[in-house]
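I have placed the structure first, in the form of structure tokens, so that the comments after it can refer back to it.
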Amino acid sequence: MHYKVPVLLFIVLLTNSFFTADAEVIFQPNGAAFQMEEEAEEFIISLINAGDQDVNFELNIRLQDLGEEEDVNMGPFRDRRGEPQDGDEFEYEWRDNLEDDGPEYEWIDIREFEGVRQHVLGDDENTGQLDFGWNFPLYDEEFDHCWACSDGWSSVFRSQYQRNVPDLPNRQQAWNGTLLWSDGDWHGERDGAGPLYFWTNEEDMAIITWNQWNARDGGTLADVQVIYRLDGMMTINYGADFGNGNRFNDGQGTYGAEASFQGLGDGQWGFQFKPPNQLNDYLQEGRVIGVGPRDAWLKWIMIEEREGVIEADGDLDLVVTLDPEGMEEGVNFAIVELELDDPDQPLIQIPVVTSVNSEVFNLYGIVCDAADDSPVNLACVESEPFGIIRACNGNGRWEIEELPIGEYDINFSAEDFLPHTETIDIQDGEEFELNFALLHSECNLDLEEVSDELPVDGSSETIVTVSNDGNGPLTFSTDKRLLGDANAEPWELRVEVPAGVIAEDPRIHGAVFINDRFYTSGANDGEAAIYVLNRDQELINQYAQLGESRYGYKDLASDGEIIFGSGERLVFGFTPDGEEVSSFDCGISPCNNLAWDSDRDILWCSGTTTNIIGFDRDGNQIGEVDRQNLRIYGLAYWPDDPDGYQLYVYHKINEVGNLMVAKYDIENNQVMDIANLQHEIGGVAQGCFITNQYDIYSWVFMGTANSGAEDRVDIWQIDARKDWMDIDPSEGIIEGGEQQEFTVTLDATGLPQAPFEGEIVFTHDGIGGETHLPLTLQVGEGGGPEEMVLELNDGWNMISAYVQPDPDDIVEIMAGLVEARSLIMVKNSTGQFYNAQFGFNNIPGWMVDEGYMIKMDSADELTLAGEAVPWDQAIELDAGWKMVSYYPRQGVDAILALSGIVDVLLMAKDGAGRFYNPAFGFSNMGDMIAGQGYLLKMDEAAELIYTVEEEIAAESSPHPVPNILPNHLNTGENMSLLIFTNISEGEIGVYTNGNLVGSGVIYEGKCGLAVWGDDPTTSVVDGALKGETLKIRHSNGTESNDVISETITGDNKYIADGFQVVRILDVTASPEQFGIVDTYPNPFNSTTRITINLPEALKVDFALYDLSGRVVFDIASGHLKTGMHTFVIDGSFLASGVYIAQLQASGKDYKSKITLLK
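Using our numbering, you'd call the opening residue of the sequence shown number 2 and step up by one each time.
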């Protein structure tokens, strides 16, 4: 019979990417218990996919041990003929049919099966690869093929013959993953000897049969077969005439049986028998030996469907069969696991319990609210042990049937109620009623926020009362939080600046951040330079370094006004503009590392292997720190180090890490390593710097990493500045019906004059689980004038401000730029403009909620002074386009920042033409930044309040910059183009009338770019004109080719502020092009397709090489016709890593790098 167990439908949320909604997998039951008699029973696990995407699943059954966890034997290999070996985390066991729970002997004659393959083999001959057509699991790996040999072995690892297999265990032997039924030159050369047969059903079973084979020195012909199964079980069947004069008992040292898994998991080997010393006459006709994971031996619970798909908005029933014949007397316990195809989601685990000749009882009851005795719908009741869960119905009733008798903890829980556990001990089979009333607690604050305005170094205290108006105790703890990225964990990577790529200098050494700019030192091909970058990671200035060092300063330091650098004996001090201020001979040759000590007013200097010497501003030595044998590549100073180890060192240790951070206690000459930084693309430590100017709410560590031609400056979080807020007490318990006073302290000591916003988060077990108390501290004269400096580039700029200028007159605000003759034009969202040359202005005044377009004749700065607005002040938006201001002081990814209006947002764009389109799930905008303006297109009117909370933040969307094609100049207007493609890498160029009007980089199958329109303020056509047809080309750094595409939205014509989507269908190679046109996907994890183009019919050699130059795969060789050819590479037999595809023909050579990830 099939039983549906009445329980709550449990929901697992699966988050899918791009175009997909959330998928909901609902399942029942969450656990089942049965008393078993003679007949088998069945019950159904129902899976319902309530989402709009298919969900794949894989099913496993895990046998559970009963008893205390510390007594559970994690299972050495089963070996009743010798001493147990080391434990095996995968719990592989072997058994034979002499054991009650061993495998049953069943010979499967495959000789006449459809699809069977025959192999006539000589001595020491191998079959070659035998494909299963399905994946065989072995020690947490999967294999879709094996090999077999005439010498009586089959292996998923070995493809070649090898002799001299030693006795097990032997750590040097090379036979892992091998089933060996004999090793004595068995072959089919004698008259009457049959071939080797191989057959697979291409679903879950593969069989190899050695039919009527014999030993080299004679003996009776015999049959043997090896069977591989989907559940991981491997069996050896000894068939007709085996053991009947087959020379297994003649003392010649031939092997009888072996399963070798040395080095897999924690166990060292499986089993091995070698006559005559071990079990003479053991191997004979009718013997079967099996080896497999513990779960493969599980026979009392069976589910045929082990993998499948739950279709969108569909359901699937899995039939679970319980067979008492495979059960031991007493209690049997297993867990059915369903792994869904989202690795970030938990498993669905369904416990199954059976009782054989053992008493059971039924447990039931009602759960109600202790406040008013009303039933608690959907309250959960869980039994421990076993973890069977039931949910209360609308009347609060629940029931768990046929539980084994014994002692249980019954856990009651419900949202917004306090959990409770009742212990029961049932020793006789009966029904037991267990009713319970749940308590609840509340966390109610008497203040909605705490806000104050304090002078520098001032402080204040505010009393906040928390009331627990519930009937149960409120247990709480508190946490201090800032808003935005300042909440990053210590040593979390916040930003990476690709300084080497930006400056086109492969040797970037040091970096500091002052005056809202990055200053980096680089070799510049022998003409050492300082590069100046703004917060947008744009190169805005460059000048020569002081001194004679060819490769320039290896590290930089700064006291906030002067920058220090050295790469020789001389140490130079210079202004941010590059003017020399001071220099002195430090005596270290070369001096590679520098750090400014703001507490002692000295400059620490060192070489890579020298002690660290301290100098005053005049170059006098006044201190020394022992380097403690570290090789130093960068120095930095953190005055607020909590341990008093203020001098930081960037270094590396071979075989340990290349980006390591240590710190010195200057006074006591002690050092400690504190971080081994991990970056996905690696790098080696160079210069470093610590600052709280990049983010006034945090201390960050800026480490330069040498990474080939792509040196970068990584910005790592050290600590958030939360010392300005505090609460006392920070944790405790408030009984039901009581209240407690808390003291909230705001302290402006050591803070810059700026607004600080944070919150105290109460985490508790009351209703809601969290309660937030917002805190705002204005340091200095809040509400008064605040200055904001905007960096303006040559050409068009889209800007905004979080201060309301006073006065707000546009002409007066722009007076400085007009006087400097750098301003050309200002315009707002509605087209009103100011042109100083013609003395015309119809912009009514600067509005803080609006953005503005400013065209400059040269780079300059605009200083605005006025009242600052809060970061969360609302901006009213109407349907259509509007250029808006950005209020938050910190950078926030556009997807997060605009999440509050995403339901009505059609498009967002920045001044560089990068865009965010929610409907297509695409953004290349990255962080929205203070000072920049943004264009928003709304479907309907809405109120914009920027979102900065970290807990709902996603990773910043990447936006790589073209380096093959040029970046088009900003012409003041553009159209957004989104391109989908199977091309794995390269750049896309868009052209009108043969002129480039936009470019972008392919990233993860997409490319978003701005198509720039013509600037009407110039005398030449410098962009696309309205209605012009767009032509798309793909460039890979070697060739540029037209593409064949289809339009998804739009008409493939330019229109200002338009949005179009196209999909590239193919690349049209030019007839004369020779080489590899495309590799997709790349990287790949199973197969990839490589397309080549030949300008004429050629004889080619096309092969795949590893990095040592060894050929690992011949892709093609011989004569090929003119045109494009596509080849598929199967990575199943390759190890993860980087490979080189090399095409050679007629003296030409083309190489392409591909990466395999498994």
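Using N, Cα and C, we set each Cβ at its ideal position, and we do this for glycine too. Source: prediction; values computed, not measured.
Heavy atom of the ligand ATP within 8 Å of residue i beta-carbon
i	result
Tyr-1055	Absence of the ligand ATP is noted for the structure shown, with no ligands found whatsoever.
Supposed close pair residue i, residue j - CB separation, criterion 8 Å
i	j	result
Glu-450	Leu-774	7 Å
Leu-1031	Asn-1053	5 Å
Asn-846	Asp-879	According to the sequence provided, residue 846 is Gly. The question's Asn does not apply to it. No, Gly-846 and Asp-879 are not in contact; Cβ-Cβ is about 19 Å, not under 8 Å.
Cys-381	Ala-415	7 Å
Glu-974	Gly-1014	4 Å
Leu-631	Ala-676	That belief does not hold up - the Cβ atoms of Leu-631 and Ala-676 are roughly 14 Å apart, past 8 Å.
Beta strand (DSSP E) segment containing residue i, residue limits
i	result
Gly-501	Run containing Gly-501: none in the beta strand (DSSP E); it sits in the alpha helix (DSSP H), 500-504.
Gln-679	Element bounds for Gln-679: n/a, residue is neither H nor E.
Ile-1161	The question about residue 1161 has no answer, for the chain in this structure spans 2 to 1159.
Met-1125	1124-1131
Thr-692	685-692
Phe-585	581-586
Ala-33	33-37
Gln-779	771-780
Gln-29	24-29
Leu-648	648-654
Thr-322	315-323
Ile-1056	Counting along the chain, Ile-1056 falls outside any beta strand (DSSP E), and DSSP gives it neither H nor E.
Pro-756	756-765
Arg-1111	Where Arg-1111 is concerned, there is no enclosing beta strand (DSSP E), given that its DSSP letter is neither H nor E.
Neighbourhood of residue i by C-beta distance below 7 Å, restricted to the same chain and skipping five residues each side
i	result
Glu-431	Phe-362
Ala-721	Leu-483, Ala-487, Asn-488, Tyr-698, Ser-699
Phe-114	Trp-200
Leu-547	Phe-573, Phe-575, Glu-581
Ala-942	Leu-878, Asp-879, Ala-880
Thr-610	Arg-632
Residue i classed as buried or exposed, judged by whether at least 16 other C-beta atoms fall within 10 angstroms
i	result
His-1035	buried
Glu-892	Looking at the sequence provided, one finds Gly at residue 892 rather than Glu. Result: buried.
Leu-99	exposed
Asp-267	Interpretation of Asp-267 is limited by its pLDDT of 41, a score under 50 that renders its predicted location unreliable; no figure is taken from the coordinates.
Leu-379	exposed
Pro-456	exposed
Ile-1045	exposed
Ile-349	buried
Ile-109	exposed
Ile-654	exposed
His-510	buried
Val-332	buried
Val-1021	exposed
Asn-996	exposed
Leu-1157	buried
Neighbourhood of residue i by C-beta, 8 Å cutoff - its chain only, sequence neighbours within 5 removed
i	result
Phe-433	Phe-362, Asn-363, Leu-364, Tyr-365, Ile-425, Ile-427
Phe-243	Ala-223, Asp-224, Val-225, Leu-284, Gln-285, Glu-286, Arg-288
Tyr-106	Asn-98, Asn-238, Gly-287, Arg-288, Val-289
Glu-490	Gln-718
Asp-858	Asp-795, Arg-822, Ser-823, Leu-824, Ile-825
Gly-1007	Gly is not the amino acid found at residue 1007; the sequence shown has Lys there. Correct list, in chain order: Phe-923, Leu-979, Ile-980, Phe-981, Thr-982.
N-terminal and C-terminal residue of the alpha helix (DSSP H) that residue i is part of
i	result
Ile-896	895-898
Contact with chain C by residue i, beta-carbon distance below 9 Å
i	result
Arg-722	Looking at the structure shown, chain C is missing, and only one protein chain is on hand.
6 Å Cβ shell around residue i - same chain, five flanking residues per side excluded
i	result
Ala-1146	Leu-1099, Val-1101
Asp-1067	Ile-1045
Leu-907	Lys-938, Asp-940
Gly-1051	Gln-1061
Length-filtered (3 minimum) beta strand (DSSP E) runs lying within the stretch 696-754 | Secondary structure in the stretch 696-754: the beta strand (DSSP E) runs of 3 residues or longer, each lying completely within the stretch, are 699-707, 713-721, 726-729, 732-735, 740-748 in chain order.
Within the stretch 785-872, ranges of the alpha helix (DSSP H) (whole runs, at least 4 residues) | For secondary structure counted as the alpha helix (DSSP H) over 4 or more consecutive residues, the stretch 785-872 holds these complete runs in sequence order: 811-814, 816-820.
Which runs of the beta strand (DSSP E) fall wholly inside the stretch 448-501 and span at least 3 residues, in chain order?
-> You should have 451-455, 460-468, 475-483, 494-498.
Taking only runs of the beta strand (DSSP E) that begin and end inside the stretch 957-1019, which ones reach a length of at least 3 residues, in chain order?
-> Listed in chain order, they are 975-981, 988-993, 996-1002, 1007-1013.
What are the uninterrupted segments assigned as beta strand (DSSP E) that are 3 or more residues long and contained completely in the stretch 530-590, given in chain order?
-> The beta strand (DSSP E) runs lying completely inside the stretch 530-590 and spanning 3 residues or more are 530-534, 540-545, 556-559, 564-567, 571-575, 581-586, given in chain order.
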